[in-house]
Amino acid sequence: MFPWLTTLILIPALGSSAIALLPKGRDLLAKQVALGSSLLTLIVSLLMLLDFQKNSPDLQLAESHDWIATFGIKYALGVDGIALMLVLLATILAPIVILASWNEAENGRFSVKTFFALLLILETFMVGVFAATDVFLFYVFFEAMLIPVYFLIGSFGGAQRSYAAVKFLLYSLFGGLLMLASVIALYVISKDQLGAPTFDITALTHLQIDAHLQRWLFLGFFIAFAIKAPLWPFHTWLPDAASAATPGTAVLLVGVLDKVGTFGMLHYCLPLFPEAAKFFTPVIIVLSVISVIYGALLAIGQTDIKRLIAFTSISHFGFITLGIFAMTSQGQSGATLYMVNHGFSTAALFLIAGWMISRRKSSLISDFGGLQRVTPVMAWTFFIAGMSALALPGLSSFVSEFLVLVGTYTRYPWAAIVATVGIILAALYVLLLVQRSLHGPVAPGNENLPDLNRREMIAIAPVLAIIIILGFFPKPILDVVNPTVAHTMQVVGVTDPAPTGGK
Amino acid sequence: MNFHAPAIEYREVLPILIVLGGALLAVLVEAFLPRARRYGFQVPISLVSIVAAFVAVLRLHGTSHIAAEGSVIVDGPTLFLQGTLLLLAFCGVLLIAERNLDSSGSAFAAQASAAPGSDAERTALAAGVIQTEVFPLTLFALSGALLFPAAGDLLTMFVALEVLSLPLYLMSGLARRRRLLSQEAALKYFLLGAFSSAFFLYGAALIYGYAGTVSLGGIREAVSSNAGNDIIILLGVALISVGLLFKVSAVPFHAWTPDVYQGAPTPVTAFMAACTKVAAFGAILRLFYVGLAGLRWDWRPMLTGIAIVTMILGALLALTQTDMKRMLAYSSIAHAGFILTGVIASNKAGLEGSLFYLVAYGFTTIGAFAIITLVRDSGGEATHLSKWSGLARRSPIVATTYGFFLLALAGIPLTSGFVGKFAVFSAAYSSGSAALVVVGVLSSAVAAFFYIRVIVLMFFSEPKEDGPTVVVPPLMTATAITISAAVTLVLGVWPSLVLDLAKSAALFTF
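For the protein sequence lines, the chains are A and B, in the order given.
Using the numbering used here, the first residue of the first sequence is number 1, and each one after it goes up by one.
Using the numbering used here, the first residue of the second sequence is number 1, and each one after it goes up by one.
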């Protein structure tokens, strides 16, 4: 069979090398190569769907080659419904971000071509991390991903870029090293129980791990993922990183990379350590609910647009982990759908906010006002993105938030009820932002802001289209995700609670 | 009483003999050739004898034999480590031979015997004298290093230790610039080294008292048959460990490391940091895996404690450093702790992992020190951290390569350092030392911080007005850096090459 996933990994990597080899000063060519290779990746990823059986929970499009035979490590790729959706999220957002970031790299410490080469290599790692089915390979992508992001933030970001980049890297490395300890333990256990070491995710789910040890190993993985996601109280790097990064980097960081955290919980923590997952569920549910409320409350208090968006993300990641650990099929399907939707709605928010900020040369909400009159297109697109963030019915986030809450309520009613407060708070932070920046009289300094140009409109149009389409018609995604969720639940050994009707 | 001549298997000790022969030849060159012509002979002699010895090692592939009346053991680990040492020494000699970096010609003192600041020194400098005695010294040290992991009894091990150490003491004092610092380092190294050698000897004597033999195989048998007084052997083990742990700079025997690494001429530091660690760990592995295997449950707790404080203290103290060479010195202490986790595993995976780690660490370290020789200002090498600020602007390639070496030292995936860490930690875990793995992982996190701090400095800080210049690496240095970087990358992406070799080599003969 055609190695779809390897192709997806290779195209951006080759594009990145090509850009690196370009002579100095050929910035336009570098941008064109970047856009070209990311579009090619997108096309290949869409063609790949033809070979995907949507009704099967198996890992499909699988490839496997020996890599480090001594340790039983394989270069093994494959996707189930959840991984497929996240790979697509990455391949769709990459060209959009490249197009939207066309002129963002001019003020960096390093050349423009470095920026685009880093973006493409990041795309390679993003596809790899979702597609890996060998735990070691996953870990390699998980850690390798940090390097391009680190340089993207630290070299091309705003005022606090060095600080934010280092904070991001150290948090992530710390989590990654904890995970490494668990990976090592899995390796040894697999060697003892199966005779030969393996990192194959399916084989590892069959290990019999003592319940006590399982809890420690679970924590190694979970803390790494909770830092990445980020879940309260591991979140403090995110607002700094997201507000210091360029909008394009922030989209990939919050929209795609952070999904590795929630994806990892669903894809690794639950199947590998089912007993430990059940043991820790109450704690994680509490942390998720705290994230929902805390993120939303802090978002209300922000004066900086990008930090505000970062805090809304913390709130939304709270919903996603809530859905995952509610251990119901609606909850997990909703959480997966939420990962995709959140990717697009955050992308829209960050990109448009980025354009507003670069025009106004300020990221303070108080410096904006009345954009609706000056720049109607930009204001309307920002409005739609904001409505998506507050999960307005008819836009994509609503479906996923609803599923998560329904899924949670059947098992943890109190958690669902408290999390619902998050929705009300979401309305507050979005509407306040929209009201202050878009409506009212034109604030001083806003009079002559130019509206979106054609490149920007082309970049944002597909995102808004997806938000609206998925809002009315989420079925294609749910159809692909549901079998995988059912399978995960079966591996973990949980079933949906029986509906309790009227007595 | 009749004596018989000892049977020496010349073919099997050939690698050591070739290097020793090269060293003697180099001494003759020093003695009989005019000063100006020596360099032209010394460099080829060193390189050719290293390459010839490497070929001899390759030809011995698969040998497993006790040679020279039991004093030299030629087996998998010996050959693996000797090959590694020769490759590392090749890079080291390239750095030592470099004459196109320093404006005054060389990194080494014009006349080592002239007191710093004296008339004799001024005369020698004015005459443009460049000494070449470092080459025979290097070869002597290398021959000791080759013998160290092959030693089949404690006396040979001691001789190897001294042959390795004595030239290094001298070489540390040869710096052309900052000579007082260099001489201080040499003196410190010598005094503490002599002290630790005494510990080694005392330990060897006690073990002899227990086992009635100095051969490792004999000690092994004596231990398994529980021949004598337990107190004596345990004391012996403790004392001999001091001597060996000193060489690998494990805490609390590490105090010399930062001063010597900083004071010694950087090419010597590179050679020493890589080769001493490889050779000394080779000896440690043989001693503990062969001679003292039966005492595993006694020495494991001791080494576990040492590994834990070594990892933690090395990483923490590295955080506080402001000099690049001192920082790498503390990082080498932390790495000694990481390799010790592999030793403690005391199983085949531990041996394989340690062997792999030594290759990975050796090349990365030589490469990192080689880069330090390139960053210079009017006073020679600019090793203060603040001077490296914004280096990526001046020389992106050098900064990127250095960054790559640092990431390898930090153990980021796709570098050799990561595979090495995985190998030793997994071996330690499978032997039941989960605590060691947790400490290792946490100190890796601390260590990552100071490596990344340097990367931040190079890439994200503004260059200073009076900052150092980055010299374009001349041929020999460039070759050494390229080899190191290539090995670091290849072993990160395709580690099976060396892992399989280590796997087939990881069997001691006794």
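Note that the Cβ used here is the ideal one computed from N, Cα and C, for glycine as well.
Reference A/A391, options A/G354, A/P274, A/Y429 and A/S17, closest by Cα: Measuring from the Cα of A/A391, the nearest candidate turns out to be A/Y429.
Where B/A370 falls, given that 16 or more other Cβ within 10 Å makes a residue buried: buried
Return the residue from the list A/V79, A/V33 and A/I92 that minimises the CA-CA distance to A/A117. When each option's Cα is compared against that of A/A117, the closest is A/V33.
Is B/A68 near B/I18, with beta carbons less than 7 angstroms apart? no
A/F585 at chain B interface by Cβ criterion, 7 angstroms: Within the shown structure, residues of chain A are numbered from 1 to 503, placing residue 585 of chain A beyond reach of any answer.
Please list the terminal residues of the continuous alpha helix (DSSP H) segment that includes B/Y202. Boundaries of the alpha helix (DSSP H) harbouring B/Y202: R179 to A211, taken from the DSSP string.
Consult DSSP for B/V251 and reduce its assignment to one of helix, strand or coil. coil
In terms of residues, what are the limits of the alpha helix (DSSP H) holding A/D66? Per DSSP, A/D66 belongs to no alpha helix (DSSP H); it is in the beta strand (DSSP E), Q60 to I68.
So, with DSSP's three-state summary, where would you put B/I8? coil
Out of A/T303, A/G72, A/G394 and A/V404, point me to the one whose CA is closest to A/M339's CA. A/V404
In or out: A/G502 buried (at least 16 other Cβ within 10 Å) or exposed? Low local confidence applies: a pLDDT of 44 at A/G502 is under 50, so the model's placement there is unreliable, with the coordinate-based value given in what follows. So A/G502 ends up on the exposed side.
Can you pull the chain A neighbours of B/A463, defined as C-beta to C-beta under 8 angstroms? Sequence inspection shows Pro at residue 463 of chain B; the Ala mentioned does not correspond to that position. By Cβ distance, chain A contributes nothing, its closest Cβ being about 11 angstroms from B/P463, past 8 angstroms.
Residues of the region 424-458 of chain B with a CB closer than 7 angstroms to any CB of chain A: list them in chain order, please. F425, S426, Y429, S430, V437, V438, V441, S444, A445, A448, F449, I452 and V456
Option in B/L319, B/V343 and B/A506 with minimal Cα separation from B/I284: B/V343
Within the same chain, show all residues whose beta-carbon is closer than 6 angstroms to that of B/F425, passing over the 5 residues directly before and after it, in chain order. V437 and G440
Could you tell me which residues DSSP puts in a beta bridge with A/I227? In the DSSP output, where bridge partners are listed per residue, A/I227 has none listed.
Which ranges does the beta strand (DSSP E) cover as unbroken runs of at least 3 residues, wholly within the region 373-437 of chain A, from first to last along the chain? none
Let me make sure I understand the geometry here. Which of B/R177, B/I240, B/I232 and B/G432 has the alpha-carbon closest to that of B/T373? B/R177
Please list the residues of the region 143-159 of chain A that have a C-beta atom closer than 9 angstroms to any C-beta atom in chain B, keeping them in chain order. E143, A144, L146, I147, Y150, F151, G154 and S155
If distances are taken between C-alpha atoms only, which option among A/L425, A/A459, A/A242 and A/D210 comes closest to A/P95? A/A459
Could you give the distance in angstroms between the alpha-carbon of A/F344 and the alpha-carbon of A/F151? 24 angstroms
Stretch pair the region 136-149 of chain A + the region 413-432 of chain B: three plus CB contacts closer than 8 angstroms: yes
Check this for me: beta carbons of B/P468 and B/D323, under 7 angstroms apart or not? The answer is no: Cβ separation not under 7 angstroms.
Quick check on DSSP: helix, strand or coil for B/L60? B/L60: coil per DSSP, three-state reduction.
I want to verify the contact list: residues of chain A whose CB lies under 9 angstroms from the CB of B/K348, in sequence order. The premise fails here: B/K348 is roughly 11 angstroms from chain A at the closest Cβ pair, so nothing lies under 9 angstroms.
Does B/A391 come within less than 7 angstroms of chain A when only Cβ atoms are used? The amino acid at residue 391 of chain B is misidentified as Ala; the sequence shows Leu. No, B/L391 lies away from the interface with chain A (no Cβ there is under 7 angstroms from its Cβ).
Distance CB(A/A185)-CB(A/L217) smaller than 7 angstroms: It is a contact, given that the beta carbons lie within the stated cut-off.
Touch test, the region 309-320 of chain B against the region 230-244 of chain B, Cβ-Cβ under 8 angstroms, three pairs minimum: Because the criterion of three Cβ pairs below 8 angstroms is not met, the region 309-320 of chain B and the region 230-244 of chain B do not touch.
I'd like to know if B/F281 contacts chain A, where contact means its C-beta is closer than 7 angstroms to some C-beta of that chain. no
Residues in the region 184-196 of chain A having any Cβ partner in chain B nearer than 8 angstroms: I184, A185, Y187, V188, K191 and D192
For a contact meaning CB atoms closer than 8 angstroms, what does B/S354 contact in chain A? Under the 8 angstroms cutoff, chain A gives no residues; its nearest Cβ is about 14 angstroms from B/S354.
Please tell me whether A/Q330 and A/F273 are closer than 7 angstroms, where the distance is taken between their beta carbons. no
Residues bridged to B/S215 [DSSP beta-bridge criterion]: B/D153
Quick check on this structure: which residue in A/I92, A/W67 and A/V166 has the alpha carbon closest to the alpha carbon of A/P12? Residue A/I92 is the option with its Cα nearest to A/P12.
Output, in chain order, the set of chain A residues within a Cβ distance shorter than 9 angstroms of B/L499. I68, A69, T70 and F71
Skipping 5 residues on each side, what residues in its chain have a beta carbon closer than 7 angstroms to that of A/L207? I189, S190 and Q193
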